[in-house]
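A quick write-up on the structure given underneath.
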Amino acid sequence: MLKKELVLGHFEKPLFLELCKHMFFVQLHEGEYIFRPGQLDNSIYVVQDGKLEVCVQESDGTEVIVKEVLAGDSVHSLLSILDVITGHPAPYKTVSARAATPSNILRLPASAFQDIFQKYPETLVRVVQIIMVRLQRVTFLALHNYLGLTTELFNCVSLGYILFAVIMPVSGIGRFCFMHITLLEFLCCLVFLRCSKHGNIEKKIVLLLGTSSGAKSDMGMAYERARVHFSPEEASSSPAVGKVCCFIWRIQHIFHTDPSLLNDRVTLHQVTAGTVLSRQGDQDVNVCFVVSGMLHVYQQKIDSEEDTCLFITHPGELVGQLAVLTGEPLIFSIKANRDCIFLSISKSHFYEIMREQPSVVLGVAHTVVKRMSSFVRQIDFALDWMEVEAGRAVYRQGDKSDCTYIVLNGRLRSVIRMDDGKKHLTGEYGRGDLIGVVEALTHQPRATTVHAVRDSELAKLPEGALTSIKRRFPQVVTRLIHLLGEKILGSLQQGGHPFGLHSSSSKWDAGNPASNLSTIAIMPVSEEVPLTAFTLELKHALNAVGPALLLTSDNIKQRLGSAALDSIHEYRLTSWLGQQEDIHRIVLYQADSTLTPWTQRCIRQADCILIVGLGDQEPTVGELERMLENTAVRAQKQLILLHKEDGPLPSRTVEWLNMRSWCSAHLHIHCPRRVFSKRSLPKLIEMYERVFQKPSDRHSDFSRLARVLTGNAIALVLGGGGARGCSQVGVIRALIEAGIPVDMIGGTSIGAFMSALYAEERSYNQMRIKARQWAMVMNSVFRTIVDLTYPITSMFSGATFNKSISSIFKDKQIEDLWIPYFTITTDITASAMRVHTDGSLWRYIRASMSLSGYMPPLCDPKDGHLLMDGGYVNNLPADVARSMGAKVVIAIDVGSRDETNLTNYGDCLSGWWLLWKRWNPLAEKVKVPNLAEIQTRLAYVCCVRQLEMVKSSDYCEYIRPPIDRYGTLDFGKFDEICEVGYQHGKTVFGVWSRSDVLDKMLRDRQETYKTKTSDVSVPTSFTDLAEIVSRIEPVKAAVADGESRDVWVPGSCAWGIWDTRGCCHVVLTGGICWLQTL
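In the UniProt record's numbering, the protein residues as written are 1 to 1078.
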């Protein structure tokens, strides 16, 4: 049971058994307290059987239950454990725990850790880091990102220390010289010089930072080493009395370290008012120690771009240490609102200090805990941090809703079981999503079953804790209403399920199922697949979307050591991989060609698995694929087929898919020649380093794959409207010229035909030739008369129409098209809309173009259902493209419009009368719709509501060319109608380019990701502090004796040059003085 705790679960077995020796049993009767306010908070309690209730005492003295602890769960505050470890134990103040039923409890005193830490210092560092990571990733994510709390989480009271001033009289002033001066003495001298700048030295007093214990020895050391020498000539030139001010360095006490460890690792900065030191989300963070002035800490509000001040860092206080300890991005911004002097230790220097003296993390971690508010201490008892293995259920349909979950990393899938026993997917959730909040707030049973697609970490917020927070901070209710409103509105628009909350950042993001993929595993079908070249090409394309990282077994061993994949290093590897997900838009895991431990890790980490094969080979199932099927991996799997530039067109895709029922989608990739080039691995990597220096082609198939995987796909949807659809050919020409890529295409009726041409050819010229050829056939009166039949079901038999379509598409299957394609038909057998993404291409196009009364319904070759024109149910299926994963849908509408100037011909109508009116040049013209126009008007009327929803949706870019003057059967005017579409498209897309619509369309939804590291040349950023402590790193090349390095102090007037002995040569460029070693 103890192994379930993340603090303990990554201990090696001997260490864990050592801890178990300190455990003992506690038996509780119902209602008996295991701890109360006033008792020392120094233990971890694990429920063996029974149930505990954790209560918080409100301001009025009443106890509120915030959490129920069942068998196997624990009661503790990791912040309290940290207090004990750092030597600052404290009693419970408002939290208590009692037995709801007779219970047996395991108690582990926190003091048990201390013996372990003395033997294994890396374990101490690891425990501290896990606690800090939980504080940042669990507590802050839950309370800030979703409940909107900001200042409530921090202690705003100054944590400053005792200040001293020491005045040392001297006999004169002159040139000041320092021998073997370290940073401590440099700081003393610099402050003295700034005091003397104004000329009145004897009235200047500088406050010294420090504590009373040890102050004398520190001061003596500083004074002895920072001797000030004056020449007699200079002393006689002025009667002024100088004062040397020595700093008693508080950093030494905070860091619990030898001052010599700070030499050459601390930088002095002076910044002016308004300087921003670090911004929220920065990865490269320093620990800052304020000497004078103040640093203000701001955090952006959740629902606006406004910043709020969390707390102020006063002299003697640290800021930035939480991000350094965790390796996570900074959760706030640091700004100097007035002139400020501070000392800075970089992350890398901090780790060097920690490697030499691991206990340094204790003092730094304690400063973090002191900055937390009492409310955070309370809620830390209620929040849980849990791991869920792949395939395990988080909760099941019908369970009691007693908590809310937040996905820290990993992937969850939500499934609902219908009354007929069938299961339907309702959503997938990734990092940052909130699960089960609606049911928890409404006290309804779980409506779906949620299980882990891969190994996942979750934060669990109990219902009682949420109720207590709402009672204490009423503004949380407003935040929850906002979250629920967003979700319900998004569900109404998308037809989704309102029991999980996706975090979205732009108008095109809500409800996009692929937008929260974080990890992609890539596996070969066979050893002949050029997998390395494929992954490098995909990474190149992904870099245009956001920072991408490619991981292989080789570079993992290079980065983390040859034993990184051993089970003993599970925490180290898992934490590092989790951090890579946080700082990169997407992480690619390239599997080995066999089922190695690395391949198994790739499968465990994957949100989506790409199975890569060669399109011109036999579609046999590979060894890895069979193993993948047997392991019942729940991550979605997609088949990627590679094709050579000069190779044949895609074919036999159906055979590939039929042998791989586990694949949910597929894509054809037209590869450049370099992918199939025979090069050694070093030369291949060298070649792609040159490729990476150039931007990727947004129209390439690799770029299409990158946009599909990241939820940034652009779909083109063509509506129905007869001959008016010829304008869509012209619009596509303008689309290509404007540089807008198409990642998915589909349509209804004539739109189904035109979109299939583009999906097959991917060339405007070839598409136009075939479209014009078909339009001329449709304009042939002779062919029309030949196809007439006795009008029981329809006026025409459909044979000629079928031949005109099949002659263009032959036996092509939808699965063989270059671009993912769909078409819409009306199933009059089942009275439903049908979306076709596979099967015979020409048949489903024909079905989608079958106007009632003109053409007979087409019998579906799969189930025999009768299919009619899709315009009766969805004439512009932009919503279908959206549901298939498109972020943006460009919809071209060519349907009928409202006409109010039709002729009133009375109660009956004679066709002979209409014929006379039309042929007689002297007769008054009448406007009465013909049979084809009535059918298209019916299609428009049937889906007018759906069309209005599409036009008003955020994700749809609606385009309608000026083609109202053309009739439904005016195919003879193909060239004219096509030109109208082209001119209109040029105008629209030109406006898009000038107004940044196109740039926003191509921009990634997750713009907050910043490229901080390169996976080629830059060493790994910090994750595992324990690994840094325990691992022996290669010795870095030392600076030659006497060689100096420059340190610029941003925003100040000082330039410092430091050498390897810790000596400093300083130039104060403001004209005050020069300092140099003698």
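For every residue, glycine included, the Cβ atom is placed at its ideal position computed from N, Cα and C.
Residue i, buried or exposed, once every other Cβ within 10 Å from all chains shown has been counted against 16
i, result
"S677", "exposed"
"H482", "exposed"
"W912", "exposed"
"S848", "buried"
"H451", "buried"
"M868", "buried"
"M354", "buried"
"S831", "exposed"
"F25", "exposed"
"L649", "exposed"
"F782", "exposed"
"S374", "exposed"
"Y298", "buried"
"S414", "buried"
"K347", "buried"
"residue 1079", "Because the chain in this structure spans residues 1 to 1078, residue 1079 falls outside the shown range and cannot be described."
"V880", "buried"
"A923", "exposed"
Between the CA atoms of residue j and residue i - distance to the nearest angstrom
i, j, result
"I435", "V777", "56 Å"
"R704", "K925", "52 Å"
"I603", "A465", "36 Å"
"E1033", "A734", "Model confidence at E1033 stands at a pLDDT of 36, short of 50, so the residue's coordinates are unreliable and nothing is read from them."
"E352", "V266", "12 Å"
"V47", "V127", "22 Å"
"C309", "S278", "14 Å"
"C20", "V361", "25 Å"
"N409", "Q605", "10 Å"
"P14", "N155", "39 Å"
"A390", "E428", "14 Å"
"R690", "V587", "21 Å"
"E18", "V407", "33 Å"
"K951", "N875", "12 Å"
"E317", "L124", "24 Å"
"residue 1090", "F796", "The structure shown does not extend to residue 1090, since the chain is modelled only from 1 through 1078, so no value can be given for it."
"Y854", "T968", "13 Å"
"Q378", "V476", "17 Å"
"A365", "L998", "47 Å"
Distance cut-off 7 Å: residue i Cβ against heavy atoms of the ligand HEM
i, result
"T449", "With respect to the ligand HEM, the structure offers nothing, as it holds no ligand at all."
Under 8 Å between C-beta atoms of residue i and residue j
i, j, result
"E53", "A97", "yes"
"N104", "G50", "yes"
"G871", "T748", "yes"
"N712", "K887", "yes"
"H668", "H699", "no"
"A440", "T478", "no"
"P961", "S755", "no"
"T313", "L295", "yes"
"T275", "A323", "no"
"E655", "V525", "no"
"I640", "I609", "no"
"E581", "S518", "yes"
"I416", "Q444", "no"
Residue range of the alpha helix (DSSP H) that includes residue i
i, result
"L362", "360-371"
"E737", "727-737"
"H349", "347-356"
"Y758", "750-761"
"L466", "463-472"
The beta strand (DSSP E) enclosing residue i, as first and last residue numbers
i, result
"S43", "43-57"
"W598", "W598 -> not in any beta strand (DSSP E); alpha helix (DSSP H) instead, spanning 597-605."
"Y844", "Premise fails: Y844 lies in the alpha helix (DSSP H), 841-848, not in any beta strand (DSSP E)."
Q: Could I get the ranges of all uninterrupted alpha helix (DSSP H) runs contained in the stretch 882-954, with 4 residues as the minimum, in chain order?
A: 911-919, 931-942, 944-952
Q) Where are the beta strand (DSSP E) runs, 3 residues long or more, that stay fully inside the stretch 391-470, in chain order? A) 393-395, 403-409, 412-417, 423-429, 449-452, 456-462
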